[in-house]
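Per numbering that gives the first Met the number 0, residue 0 is the first one in the sequence shown, and the count goes up by one each step. Backbone N, C-alpha and C define an ideal beta-carbon position, used for all residues, glycine too. A short write-up of the structure that comes next.
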Amino acid sequence: MRHTTRHKLLAISAFLVLMGCTSTKKPELKVRPSLTILNSTSQDPEELADLIVKSLVSEQDPKKALTDRLDNIFNPKIREGVILPLYDLLREETLKEVLIEYYVKRPIEVFGDDFVGRVLSKNENVSGFLEMMLASGTPKGRLQIENYFKQKTSLSQLEMLQFSEILLDGGRFSESARVLAKVLYQLEGEYLARGEFASAELDFYQKDYAGAVEKLVDYLPQDRYREESVDMLVDGLILMDDLNKAFRYLKVYATYKNDDEPKIHVLRGKLFLFAKNYRESHKQWARAKDLGSRDEQYWLLSFFLSHYFPEGIPDSDMGPFLAWHKGRLSGTGLDLVRYDIYLDQYQKLSRHKQELVPRLRPFSRQTP
0 MRHTTRHKLL
10 AISAFLVLMG
20 CTSTKKPELK
30 VRPSLTILNS
40 TSQDPEELAD
50 LIVKSLVSEQ
60 DPKKALTDRL
70 DNIFNPKIRE
80 GVILPLYDLL
90 REETLKEVLI
100 EYYVKRPIEV
110 FGDDFVGRVL
120 SKNENVSGFL
130 EMMLASGTPK
140 GRLQIENYFK
150 QKTSLSQLEM
160 LQFSEILLDG
170 GRFSESARVL
180 AKVLYQLEGE
190 YLARGEFASA
200 ELDFYQKDYA
210 GAVEKLVDYL
220 PQDRYREESV
230 DMLVDGLILM
240 DDLNKAFRYL
250 KVYATYKNDD
260 EPKIHVLRGK
270 LFLFAKNYRE
280 SHKQWARAKD
290 LGSRDEQYWL
300 LSFFLSHYFP
310 EGIPDSDMGP
320 FLAWHKGRLS
330 GTGLDLVRYD
340 IYLDQYQKLS
350 RHKQELVPRL
360 RPFSRQTP
């Protein structure tokens with residue numbers, strides 16, 4: 000019985016081979032760039048881009064595969080260097096869109112000095128590349144971008160929005176407002192949200208704090224705008240002498256964060272300082288310091304508190320505001336667009352040095 004069954008199985012196997020239902024060929028291995036290659040600083044960006052594109056050919060889902068490859072590039076120089084050659088080598092428009100969108104959602108911290116020039120010289124999908132640069136902050140080569148827009152005979156709605164944002168980031172508020180006014184109510188969806196947020200920023204920087212606050216509260220629930228919104232809400236309400244409302248909006252912001260979010264302690268410290276609760280302000284500052292806070296708001300609070308706790312605030316915690324502390328005229332390392340706001344707040348301190356203000360004021364409202 001066993002013998003018969005064995006022969007039947009052999010016969011069936013032979014039949015399947017003859018019919019081509021089985022194969023002796025080994026499955027092809029998908030060649031993927033190794034993590035070492037993806038992050039080697041000596042790797043030529045064009046060679047790496049070529050390697051990535053070739054690795055997508057055998058993938059069932061090339062969009063996901065492209066995202067996976069990009070996820071595995073950790074070296075900042077390689078992350079930036081591969082963008083343009085990869086864009087050139089990708090043949091499918093959908094994959095080019097995936098590439099642009101990837102860097103919009105996962106921004107590069109700083110683009111190189113020549114990136115803008117290379118994008119403009121390509122003159123292909125400039126608005127797409129600008130989206131990824133704007134996602135990283137104010138792009139280097141801002142004046143080049145302004146000139147590019149000014150030389151174009153017509154601008155799309157997205158390009159007008161981008162032009163307005165570039166002008167705003169450069170402190171050119173009146174020009175930014177004029178460009179934005181031409182396009183704002185033609186925008187839809189996310190572009191409309193961006194346009195209205197830019198409008199709120201323009202109100203804030205032109206010192207219409209009431210108008211800015213009214214618009215900014217709607218952006219606290221939105222991940223993309225939450226951090227900038229809470230900064231402007233707190234700063235604007237301090238200058239409006241409405242600390243209770245500022246505390247209230249900071250509490251709303253805190254519902255989206257955990258208790259150990261350094262920014263919460265920095266902004267609380269700032270509000271307690273202007274409420275003249277100096278001990279609590281210092282306590283919040285110390286907590287933020289322990290949590291590793293080292294940004295412009297933290298440095299500013301450190302400088303402010305140095306007027307009340309001269310022995311308790313190290314120079315190293317004031318960042319670029321150390322120049323102010325030493326009585327030196329300087330805007331080095333500061334966001335000059337916010338310079339006016341910081342100086343106006345300084346004048347509201349009960350212990351500010353009045354003789355320092357006229358020396359610092361010449362830097363305000365200068366275009367970076």
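Can residue i and residue j be called in contact, C-beta distance under 8 Å?
{"i": "Leu219", "j": "Tyr252", "result": "yes"}
{"i": "Ser175", "j": "Leu201", "result": "yes"}
{"i": "Val97", "j": "Lys62", "result": "yes"}
{"i": "Gly170", "j": "Leu335", "result": "yes"}
{"i": "Arg186", "j": "Gln156", "result": "Residue identity check: residue 186 is Leu in the sequence provided, not Arg. It is a contact, given that the beta carbons lie within the stated cut-off."}
{"i": "Ala287", "j": "Leu270", "result": "no"}
{"i": "Tyr248", "j": "Val229", "result": "yes"}
{"i": "Ala197", "j": "Leu167", "result": "yes"}
{"i": "Phe320", "j": "Phe302", "result": "yes"}
{"i": "Leu83", "j": "Ile51", "result": "no"}
{"i": "Ile165", "j": "Arg193", "result": "no"}
{"i": "Ile107", "j": "Glu79", "result": "yes"}
{"i": "Tyr101", "j": "Thr66", "result": "yes"}
{"i": "Phe172", "j": "Gln205", "result": "yes"}
Where does the unbroken alpha helix (DSSP H) through residue i begin, and where does it stop?
{"i": "Arg456", "result": "Residue coverage of the chain in this structure runs from 0 to 367, which leaves residue 456 outside it and unanswerable."}
{"i": "Thr66", "result": "61 to 70"}
{"i": "Gly210", "result": "208 to 215"}
{"i": "Met231", "result": "222 to 238"}
{"i": "Met131", "result": "125 to 134"}
{"i": "Leu50", "result": "44 to 55"}
{"i": "Pro84", "result": "82 to 88"}
{"i": "Glu260", "result": "Segment: none, Glu260 is in no alpha helix (DSSP H) and carries neither H nor E."}
{"i": "Phe196", "result": "188 to 204"}
{"i": "Gln150", "result": "141 to 150"}
{"i": "Gln346", "result": "338 to 347"}
{"i": "Gly116", "result": "114 to 121"}
{"i": "Lys282", "result": "277 to 289"}
Taking the alpha-carbon positions, what's the residue i to residue j distance?
{"i": "Asp339", "j": "Pro357", "result": "12 Å"}
{"i": "Lys139", "j": "Met317", "result": "26 Å"}
{"i": "Ser349", "j": "Leu342", "result": "14 Å"}
{"i": "Asn74", "j": "Glu45", "result": "16 Å"}
{"i": "Glu27", "j": "Gly188", "result": "Note that Glu27 scores a pLDDT of 49, beneath 50, so its modelled location is shaky; the value from the coordinates is reported in the next line. Their Cα atoms are separated by approximately 45 Å."}
{"i": "Pro42", "j": "Ile77", "result": "Here the sequence assigns Gln to residue 42, which means Pro is not the residue at that position. Approximately 8 Å between the Cα atoms of the pair."}
{"i": "His324", "j": "Val178", "result": "39 Å"}
{"i": "Thr21", "j": "Asp70", "result": "Note that Thr21 has pLDDT 47, beneath the 50 cutoff, so the model's placement of it is unreliable and the number below is only indicative. Near 37 Å, if we compare the C-alpha coordinates of Asp70 and Thr21."}
{"i": "Ser153", "j": "Ile144", "result": "15 Å"}
{"i": "Ala64", "j": "Arg267", "result": "44 Å"}
{"i": "Pro313", "j": "Ser280", "result": "16 Å"}
{"i": "Glu130", "j": "Tyr277", "result": "43 Å"}
{"i": "Ser120", "j": "Lys53", "result": "26 Å"}
{"i": "Ser315", "j": "Arg337", "result": "21 Å"}
{"i": "Ser292", "j": "Trp298", "result": "9 Å"}
{"i": "Asp259", "j": "Gly111", "result": "33 Å"}
{"i": "Lys95", "j": "Arg105", "result": "15 Å"}
{"i": "Leu355", "j": "Ala322", "result": "11 Å"}
{"i": "Glu58", "j": "Ile72", "result": "19 Å"}
{"i": "Leu55", "j": "Leu242", "result": "56 Å"}
{"i": "Glu195", "j": "Leu183", "result": "7 Å"}
{"i": "Thr254", "j": "Leu191", "result": "26 Å"}
{"i": "Lys25", "j": "Val81", "result": "Residue placement at Lys25 cannot be trusted, given a pLDDT of 49 that sits under 50; the coordinates are not used to answer."}
{"i": "Tyr147", "j": "Asp217", "result": "33 Å"}
{"i": "Lys250", "j": "Leu290", "result": "19 Å"}
{"i": "Glu213", "j": "Asp60", "result": "45 Å"}
{"i": "Asn122", "j": "Lys282", "result": "53 Å"}
Going by C-alpha to C-alpha distance, which of the options sits closest to residue i?
{"i": "Phe68", "options": "Lys76, Pro84, Glu295, Ala48", "result": "Looking at the sequence provided, one finds Arg at residue 68 rather than Phe. The shortest Cα separation from Arg68 among Lys76, Pro84, Glu295, Ala48 belongs to Ala48."}
{"i": "Gly311", "options": "Trp284, Ser153, Gln346", "result": "Trp284"}
{"i": "Glu226", "options": "Glu295, Ala209, Lys149, Phe271", "result": "Glu295"}
{"i": "Ala180", "options": "Glu79, Ala199, Lys269", "result": "Ala199"}
{"i": "Phe273", "options": "Tyr345, Arg223, Leu157", "result": "Tyr345"}
{"i": "Gly326", "options": "Leu304, Phe308, Gln353", "result": "Gln353"}
{"i": "Arg223", "options": "Ser57, Ser135, Leu304", "result": "Ser135"}
{"i": "Ser305", "options": "His351, Asp258, Asn257", "result": "His351"}
{"i": "Lys256", "options": "Asp289, Leu242, Gln221, Leu238", "result": "Gln221"}
{"i": "Met239", "options": "Thr254, Phe203, Asp217", "result": "Phe203"}
{"i": "Lys369", "options": "Asp217, Lys347, Asp289", "result": "Residue numbering for the chain in the displayed model covers 0 to 367; residue 369 lies beyond these limits and cannot be assessed."}
* Three or more beta-carbon pairs under 8 Å between the stretch 254 to 263 and the stretch 231 to 241, yes or no? -> no
* To do: Report yes or no: do three or more beta-carbon pairs, one from the stretch 86 to 99 and one from the stretch 109 to 119, lie closer than 8 Å?
  => no
* To do: Indicate whether the contact test is met: 3 or more Cβ pairs, each with one atom in the stretch 125 to 135 and one in the stretch 147 to 162, closer than 8 Å.
  => yes
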